[in-house]
Structure formats: C-alpha cells, structure tokens
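Residue numbers (our numbering): 6 to 508.
Let me begin by presenting the structure, written as structure tokens, before commenting on it.
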C-alpha cells in the first residue's frame with residue numbers, strides 16, 4: 006500500500022484501496038490458471054490507469070463537496086473592518102502579520118457587498134441566514150420605537166429573525182454550535198451561547214448576560230482568564246474578553262460552528278474616524294485576537310479540519326456634519342412633543358441608521374401626511390447643503406432588500422450623518438468622526454472577507470456578498486439552507502491540506 010501512495014497526489018488513498026481490493030479479488034477468482042491470471046492482470050492494469058486519468062486532468066475542487074475535510078468552521082466578525090486593511094496595509098502603516106498571511110495563503114475579497122442599510126444587526130443577520138433584511142426582518146440596530154417606550158432597546162432577540170440561521174441548520178444536523186456576542190442571539194438554540202445585550206450599562210448587565218447565557222460558561226472563563234471581568238461590562242466590552250470566551254469554547258467544546266463578534270474597531274472608527282491612530286491600534290489588537298483563535302484551534306487538535314472566516318459587517322466613511330431630518334417633520338406638525346420635548350404622538354417618524362434613515366407613516370393610508378413628507382424631503386435630494394444624497398421610494402427600498410414597511414429611505418451625502426431627534430438645528434457639527442449605513446453598493450461600505458485554513462487554496466474571491474457566507478458554510482458542513490438568497494462562494498480547496506497545518 007505504501008508503494009502505491011508514493012505515486013503522489015494523482016493516486017489518492019481511495020484509489021489505492023480500490024486497486025488493492027480489485028487485485029486481491031481477481032487473483033482469488035482466477036485461481037492458478039496462467040491464462041486467466043494474465044488476462045486478469047491486464048484488466049486490473051487498465052482499471053489502475055483509469056484511476057489516474059481523472060486526477061491528472063481535473064481542476065482543484067471548489068467550495069465543495071468537502072465532507073470529511075472540513076468539519077469545523079469559525080467565523081470571526083470584526084465590526085467595521087475595511088478591506089483596505091488587508092488589501093493595502095502598508096498604505097496605513099499597519100502591522101498585521103496574521104492578516105497578511107491569511108491574504109497571502111488564503112482566499113480574500115476586494116470587498117464584500119453589505120446590506121441595506123449597512124449597519125451591524127441587519128448585516129450580521131444576513132451573514133447568519135444568507136438572506137437580505139427584506140427576508141430576515143432585522144432592518145436596523147435599534148428597535149423602531151417612535152414613542153421611546155423601549156428605552157433604547159436594540160434588536161437583540163433571535164425570535165425576531167424570520168429566516169433559518171446557520172446555528173439552526175447545524176443543530177438540525179446534530180452539530181455543535183457556539184455563539185459569542187453575535188448580534189440577535191438572545192434565545193438562540195445553540196450548544197453554547199453568550200449573547201450580546203445590555204440595558205443599563207452597569208455591572209448588573211453582566212448578571213443579565215449570565216442569566217441568558219449557557220450556564221457555567223462565564224464562570225469558567227472568569228476562572229481561566231483573570232483579566233476577563235475587567236474588560237466585560239456591556240456595552241463597554243473589550244475584544245480580548247470576548248475572545249477569551251471563544252478560546253475557551255474552542256478548546257473545550259470543539260464546536261463544528263463558532264461565530265464570534267468583536268467590535269472595538271467599530272467603536273474607535275466612530276470616535277476618531279477611519280484609520281485614526283486609535284482605530285489603527287484597535288485593528289492591530291483585533292488581529293491579535295484572530296491569532297489567538299487560530300492558536301486555540303490548533304491546541305484543540307481541530308485546525309487540520311477547520312476553516313476560519315474573518316468578516317466584517319460594513320465599511321466606514323469619515324463625517325463632520327449632521328442633519329436632523331426630524332426637525333423638519335416637527336416644524337410641519339407631523340410629530341407632537343410634550344413639555345420635555347419627547348414624542349407624545351406622531352404621524353411620521355424618522356429612524357436613523359447613521360448614513361441612512363427610514364421614514365415611517367403611522368397610518369400607511371394617510372395620503373395627506375404622505376404628500377407633506379414628499380413636499381418636505383424630495384427637494385433636499387442631491388443638494389449639497391441639505392446633507393441628503395438620495396431618497397428611495399418603496400419600490401426602490403424593496404429592490405435593495407430593505408424594509409418594505411418604510412415609506413421612504415434617506416441616504417446622507419458624503420461627509421454627513423443623519424441624526425436622531427426632533428428639536429434643535431437641522432444642520433450641526435457631528436459628534437462622531439466616522440459612520441456607515443450608506444448604500445451597500447458604495448465602495449466605502451464594502452465589508453471584509455478572508456477565508457483561511459489548511460483546506461483553502463490561495464486566490465481572490467470575486468463578486469462576494471455577505472449573503473453568500475451562510476450558503477458557503479452550509480455547503481462545507483452539509484447543512485440545509487434552502488431559503489438562502491446568496492450562493493456558495495467560488496473558493497478553491499487545496500488538493501493536499503498538509504502544507505498549511507502547522508502555519
């Protein structure tokens with residue numbers, strides 16, 4: 006058998022077994038008759054030659070089939086990570102040995118199309134479901150709450166997702182799953198869950214997460230990593246602490262699917278702008294966490310059969326000015342404010358998503374309010390001083406995969422963000438230096454996508470979209486994602502994964 010394998014990769018292990026089995030069978034069948042033996046040997050030789058031909062002429066396998074080679078998938082989402090980080094790191098003085106290695110010896114995208122709007126919770130749900138917000142139903146980060154009764158609550162709850170998720174599909178196949186700070190996972194049915202949620206921004210929020218997480222995980226992580234708690238008070242959570250959880254789960258649970266969300270890069274780019282000094286420090290720190298994840302997979306003995314995806318949810322753009330469209334609505338009597346300047350009633354409402362905003366009607370059949378809104382907003386589109394680049398009607402929103410319940414969608418102009426509120430000045434300085442949410446077809450909003458592991462061949466991924474991630478993972482793990490709107494990415498697999506196992 007060993008001598009057959011020396012023929013090289015063209016003669017696979019399975020071919021060797023087939024050849025050996027045929028040879029033994031034919032020798033037994035022919036007995037001692039020399040004539041029969043000669044004919045049998047010639048026949049087996051022809052079979053042997055036929056096993057070589059496909060291997061010599063076939064192209065390397067694409068994204069699948071891969072069962073038996075890829076048994077573990079780890080998705081690390083670095084919130085707000087721009088593709089320029091690994092496409093042209095030298096231009097920004099970035100020290101990123103791990104991401105450079107991933108781009109050099111793995112598959113990479115020049116930029117993956119995000120979703121409409123290009124903000125965190127809709128994007129992450131699209132990564133998890135392979136569908137657009139129109140299908141999965143998570144249209145924004147913050148729950149639509151025109152009267153402010155929800156105290157700023159976000160779309161934290163899995164029950165609001167209207168499409169099957171990767172963890173649902175993996176669970177249905179009996180695979181182990183782990184979710185660490187992945188958006189919209191409160192209540193997710195996975196083997197291990199530590200959801201992303203906060204309410205008061207105090208120490209009690211840790212108790213809330215402990216109550217909602219899989220029992221025992223946070224206690225075990227605290228015991229193993231003494232620094233963990235110092236960086237874990239939601240929503241002020243350090244990437245190191247979230248990676249502590251992921252490392253613990255990789256090394257103890259060895260999940261078939263792990264999804265980790267870290268977000269200090271996003272925080273720093275909002276505060277200081279893209280590629281500010283603090284943003285660069287956060288990017289380099291995020292890379293160190295990715296390296297820890299790879300090391301954990303090696304320590305767990307699963308790296309040989311693992312694929313790592315480093316993704317982001319959106320890009321980023323610098324801003325300096327803010328417009329409050331709600332001020333115009335209040336001036337026209339479409340919003341009623343109480344003495345404390347809080348909304349007590351409304352005919353129309355604005356929900357901001359950074360560089361994007363939805364405009365809603367309380368009564369979809371209110372033609373008078375519809376006309377007033379159009380009279381107010383349509384003249385703003387495309388005027389430099391208005392801060393509004395484009396206005397989307399309902400058919401355009403649906404075509405983009407956005408919220409069909411919205412009356413209009415607004416996109417901010419370059420350098421502008423759309424702010425919340427119905428009082429104050431329409432135009433003011435922005436309190437932030439960077440944002441996102443703009444149309445996902447704008448290159449500044451493209452998301453990152455790197456795919457790496459012993460089975461992944463180097464190459465560029467063409468025309469990637471975030472909705473392609475779930476179908477790709479499903480293909481590798483043999484999961485059913487029949488409602489996915491994306492398609493498996495064309496990623497070549499290595500003929501022999503051995504060359505990357507120890508990297």
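Backbone N, C-alpha and C define an ideal beta-carbon position, used for all residues, glycine too.
Straight-line Cα distance separating residue j from residue i
i           : j           : result
residue 286 : residue 83  : 14 Å
residue 95  : residue 256 : 34 Å
residue 92  : residue 122 : 24 Å
residue 461 : residue 135 : 21 Å
residue 210 : residue 272 : 19 Å
residue 416 : residue 330 : 11 Å
residue 317 : residue 87  : 7 Å
residue 495 : residue 407 : 26 Å
residue 368 : residue 133 : 33 Å
residue 365 : residue 348 : 14 Å
residue 388 : residue 439 : 21 Å
residue 174 : residue 336 : 49 Å
residue 301 : residue 398 : 48 Å
residue 457 : residue 137 : 25 Å
residue 178 : residue 409 : 33 Å
residue 218 : residue 225 : 12 Å
residue 426 : residue 263 : 38 Å
residue 99  : residue 346 : 46 Å
residue 477 : residue 130 : 15 Å
residue 344 : residue 191 : 36 Å
residue 111 : residue 482 : 19 Å
residue 259 : residue 370 : 53 Å
Residues that DSSP places opposite residue i in a beta bridge
i           : result
residue 107 : None, per the DSSP bridge assignment.
residue 461 : 498
residue 466 : 114
residue 480 : In DSSP, residue 480 forms no bridge with anything.
residue 416 : 361 and 395
residue 421 : 326
residue 442 : 123
residue 351 : 340
residue 242 : 237
residue 435 : Residue 435 is not bridged to any residue.
residue 147 : 159
Cβ-based burial, residue i [other Cβ within 10 Å; buried from 16]
i           : result
residue 261 : buried
residue 269 : buried
residue 160 : buried
residue 249 : buried
residue 514 : Nothing can be reported for residue 514, as the shown portion of the chain is limited to 6 through 508.
residue 313 : buried
residue 309 : buried
residue 485 : exposed
residue 164 : exposed
residue 212 : exposed
residue 114 : buried
residue 119 : buried
residue 405 : buried
residue 475 : buried
residue 146 : buried
residue 420 : exposed
residue 350 : exposed
residue 103 : buried
residue 128 : buried
Check whether residue i and residue j have beta carbons under 8 Å apart
i           : j           : result
residue 294 : residue 85  : no
residue 319 : residue 452 : yes
residue 222 : residue 189 : no
residue 356 : residue 362 : yes
residue 418 : residue 394 : yes
residue 81  : residue 298 : yes
residue 342 : residue 381 : no
residue 193 : residue 172 : yes
residue 281 : residue 434 : no
residue 375 : residue 265 : no
residue 328 : residue 396 : no
residue 276 : residue 144 : no
residue 184 : residue 195 : yes
residue 412 : residue 378 : yes
residue 109 : residue 463 : yes
residue 238 : residue 201 : no
residue 289 : residue 101 : yes
residue 140 : residue 490 : yes
For residue j and residue i, believed in contact at Cβ under 8 Å, the rounded distance
i           : j           : result
residue 117 : residue 471 : 6 Å
residue 493 : residue 473 : 7 Å
residue 245 : residue 234 : The pair is not a contact, with the Cβ atoms about 12 Å apart (cut-off 8 Å).
residue 267 : residue 305 : Not a contact, Cβ separation roughly 20 Å.
residue 338 : residue 441 : Contact doesn't hold; Cβ gap of about 32 Å is too wide.
residue 315 : residue 107 : 7 Å
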